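Contents: one structure, followed by commentary.
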Amino acid sequence: MHCTFAAATHEPAVRLAAELVEVAPPGLNRVFYSDNGSTSVEVALKIAFQYWQQNGRPARKRFLALPGAYHGDTLGAMSAGDVDEFTRVFRPLLFGVERPPHPIGGDWHPVFEHLIELLRRQTDQIAAVVVEPMVQGAAGMRMYPAELLRALYEATQQADTFLIADEVFTGFGRTGPMWGSGHAEITPDLLCTAKGLSGGMLPFAATLATDRIYDGFRGDKTRALMHGHTFYGNPLGAAVAREVLAIYREEQVLEAAEAKARRLADRIHGMIEIAGVAAPRALGMCAAFEVGAAGYMGTVGWRISDQALELGAHLRPLGNTVYVVPPLNIGDADLDQLLDIVRESTERVLRSAQ
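According to my numbering, the stretch in the sequence shown is residues 253 to 606, in order.
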């Protein structure tokens, strides 16, 4: 059933590529398949690096990223990441990536100003800037304003270098529009997608690129992208991904999720009424709040998770960050039941701590 894309091709993957381009930010016309989110980012990093090596700017070998970033668990993706609990033991294997300090008091403006200044000072050395658009998942569902993403995009354009949008978590309507990048109305040079791409059914991922980047690999075989996977573009995975896109179109999933997102935001913001809850926030079908000191190893969130499981819902907190990312097409009754359980389990744990 499967064939690699080495002197061969097959219909499901070709049709899927055309359909992905149709829903991608305008200008992302090329598709490279892989099998998971980490690898889609790894591919993007390698594309950016190799592009400059063979197109007249070989000094561009370095990357910039945001503090608290998480881009996956392969070595390149871990290098771009900044969640120390995940990467500490592997640090000797990772390449250096420069990033600003963490935001203070939730203010992201100095972070992006610092990042843009790094880009301006080191333009001739930067292969790409990699970001999670709008929401940093593993860092604790941290959210930043769209105008900052727009400003960073404009800075990369002025520097004539690449912006990599890691949309593995934020894509497929999680934050409202089809892509998190859509909040800033930008087209990144490279876009990584997985997770929602196959509806959670099969391992499947893709890295989308502009024609400019694609053209930078034309020529003899020594200029080809030096990356490949046995199962990239797998026909069954491609067929499932096409069906996912069909469901989004035919059932108008994004439009139907708008009212659910408002309901989710209202209920999560209402959690502030509970003593011990802080920083409730929501964007699209993604919402979170804090129940203690920041940090991935916090225990209060896990106690809430234990209570929720007894009540019939599985939560997976990020330390003391409790979050919910329900399916975009979750039924209204199920959404209400989930949020009822989140509130009751939180009240039980925080009440007992008083």
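Cβ coordinates follow ideal geometry from the N, Cα and C atoms, glycine included. These figures come from a predicted structure and were not determined experimentally.
Report buried or exposed for Met330, applying the criterion of at least 16 other Cβ atoms within 10 angstroms of its Cβ. Residue mapping note: residue 330 aligns to position 78 of the sequence shown, counting from 1. When all chains shown are included, Met330 counts as buried.
C-beta contact flag for Gly289 and Gly324 at 8 angstroms: Looking up residue 289 in the sequence shown gives position 37. Looking up residue 324 in the sequence shown gives position 72. Contact: yes.
Relative to the C-alpha of Val275, which residue among Leu506, Val341, Ala379, Gly471 is closest? In the sequence shown, residue 275 corresponds to position 23, counting from 1. Checking every option, the nearest Cα to that of Val275 belongs to Leu506.
Taking three-plus beta-carbon pairs below 8 angstroms as touching, is the segment 366-383 in contact with the segment 452-469? no
What would DSSP say about Leu415, mapped onto helix, strand or coil? Indexing the sequence shown from 1 puts residue 415 at position 163. Strand at Leu415.
Three or more C-beta pairs under 8 angstroms: does that hold for the segment 442-450 against the segment 402-413? no
Counting C-beta neighbours from all protein chains within 10 Å, is the total for Lys512 16 or more, i.e. buried, or is it exposed? The sequence position of residue 512 within the sequence shown is 260, counting from 1. With 16 or more other Cβ atoms within 10 Å, it is buried.
Going by DSSP, what residues sit across from Tyr466 in a beta bridge? Numbered from its first residue, the sequence shown carries residue 466 at position 214. Answer by DSSP bridge pairing: none, since Tyr466 is not bridged.
If you measure between the beta carbons of Ala317 and Val293, is that distance less than 8 angstroms? Here residue 317 refers to the residue found at position 65 when the sequence shown is read from its first residue. Here residue 293 refers to the residue found at position 41 when the sequence shown is read from its first residue. No. Outside cutoff.
In terms of residues, what are the limits of the beta strand (DSSP E) holding Arg314? For the purposes of this step, residue 314 is taken as residue 62 along the sequence shown, with counting starting at 1. Where Arg314 is concerned, the enclosing beta strand (DSSP E) stretches over 314-317.
I'd like to know whether the C-beta atoms of Leu268 and Ala545 end up nearer to each other than 8 angstroms. What you label residue 268 is simply residue 16 of the sequence shown in a count that begins at 1. What you label residue 545 is simply residue 293 of the sequence shown in a count that begins at 1. No.
Nearest by alpha-carbon distance to His521: which of Glu503, Ala540, Ala527 is it? Position 269 of the sequence shown holds residue 521. Nearest C-alpha to His521: Ala540.
In DSSP terms, what Tyr285 is bridged to: Walking along the sequence shown from the start, residue 285 turns up at place 33. Per DSSP, Ala458.
Could you tell me whether the Cβ atoms of Val349 and Phe315 are closer together than 8 angstroms? Residue numbering aside, residue 349 sits at position 97 when the sequence shown is read from its first letter. Residue numbering aside, residue 315 sits at position 63 when the sequence shown is read from its first letter. Yes, these two residues count as a Cβ contact at 8 angstroms.
For the putative contact between Val552 and Asn572, defined by C-beta atoms under 8 angstroms, what is the C-beta separation to the nearest angstrom? On the sequence shown, position 300 is the one that residue 552 refers to. On the sequence shown, position 320 is the one that residue 572 refers to. That belief holds up - the Cβ atoms of Val552 and Asn572 are roughly 5 angstroms apart, short of 8 angstroms.
So Thr339 is in the alpha helix (DSSP H); what residue range does that whole segment cover? Locating residue 339 in the sequence shown gives position 87, where the first residue counts as 1. Run containing Thr339: 336-339, per the alpha helix (DSSP H) assignment.
Does the distance from the CB of Met386 to the CB of Arg533 come in under 8 angstroms? As a position in the sequence shown, residue 386 is number 134, starting the count at 1. As a position in the sequence shown, residue 533 is number 281, starting the count at 1. No, the Cβ-Cβ distance between Met386 and Arg533 is not below 8 angstroms.
For Tyr303, the three-state DSSP class (helix, strand or coil): Translated into the one-based positions of the sequence shown, residue 303 becomes position 51. In the structure shown, Tyr303 sits in a helix (DSSP, three-state: H, G or I).
Among Leu272, Asp472, Ile299, Tyr285, which one has its Cα closest to the Cα of Arg464? For the purposes of this step, residue 464 is taken as the residue at position 212 of the sequence shown. Comparing Cα positions, the closest option is Ile299.
Put Pro440 into one of helix, strand or coil per three-state DSSP. Taking the first residue of the sequence shown as position 1, residue 440 is located at position 188. If DSSP states are grouped into helix, strand and coil, Pro440 belongs with coil.
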